[in-house]
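Student: Here it is, the structure in full.
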Amino acid sequence: MIVLVVTACPEGLRGDLTRWLLEISPGTFVGNVSAKVREALWERTCSYAGSGRAILVYSSDTEQRLRFKVHKHDWEPVDLEGLTLMMRPLPGTRPEPKRATGWSKVRAQVRSRNPSWRSKM
1 MIVLVVTACP
11 EGLRGDLTRW
21 LLEISPGTFV
31 GNVSAKVREA
41 LWERTCSYAG
51 SGRAILVYSS
61 DTEQRLRFKV
71 HKHDWEPVDL
81 EGLTLMMRPL
91 PGTRPEPKRA
101 TGWSKVRAQV
111 RSRNPSWRSK
121 M
């Protein structure tokens, strides 16, 4: 059995997942599929998620009887003496994404082609 939770993902991905799984709540899918189908669904989810996040929980032969996979999520699964726990990073320990500053490439091209562009600003 698997549980797949997607957040801020395209509607097309949710529609695609409903072919294999039941959507019991918006963004929460459950089903009983083979390991091969589970891996294919996870690869498809990761490739189509865009800037969204996804968490997959599936049954396994470990002591907890389940495993986790995460995609673009702040919390990470960590193995601690045979138990898988979700580690939440401390505030400020994660590097902030670097934002590009300055003019866009297109604007720079327009400005280089048309010198009078500067006088209009």
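Its first residue numbered 1, the sequence shown is counted upward by one per residue in UniProt numbering. Here a beta-carbon is modelled for each residue, glycine too, at the ideal position from N, C-alpha and C.
Pull up the distance between the alpha-carbon of VAL37 and that of GLU43, whole angstroms please.
Tutor: Start at 1 with the first residue of the sequence shown, and residue 37 comes out as number 37. Start at 1 with the first residue of the sequence shown, and residue 43 comes out as number 43. If you take the alpha carbons of VAL37 and GLU43, they lie about 10 Å apart.
Student: Grab the span of the alpha helix (DSSP H) containing ASP16 for me, first residue to last.
Tutor: Looking up residue 16 in the sequence shown gives position 16. 11-17 is the extent of the alpha helix (DSSP H) around ASP16.
Student: Can at least three beta-carbon pairs, one atom from the region 62-75 and one from the region 12-30, be found at a separation below 8 Å?
Tutor: Flag = no, the region 62-75 and the region 12-30 do not touch.
Student: Assuming THR45 contacts ALA35 under a Cβ cut-off of 8 Å, what Cβ separation, rounded to an integer in Å, is found between them?
Tutor: By one-based count along the sequence shown, residue 45 stands at place 45. By one-based count along the sequence shown, residue 35 stands at place 35. Actually they are not in contact, since the Cβ atoms of THR45 and ALA35 sit about 15 Å apart, beyond 8 Å.
Student: Report the rounded CA-to-CA distance for THR18 versus PHE29, giving the unit in angstroms.
Tutor: The count along the sequence shown starts at 1 and reaches residue 18 at position 18. The count along the sequence shown starts at 1 and reaches residue 29 at position 29. Spanning the two alpha carbons is a distance of roughly 8 Å.
Student: Using a threshold of 8 Å, state whether the C-beta atoms of VAL6 and GLY50 are closer than that.
Tutor: Start at 1 with the first residue of the sequence shown, and residue 6 comes out as number 6. Start at 1 with the first residue of the sequence shown, and residue 50 comes out as number 50. No.
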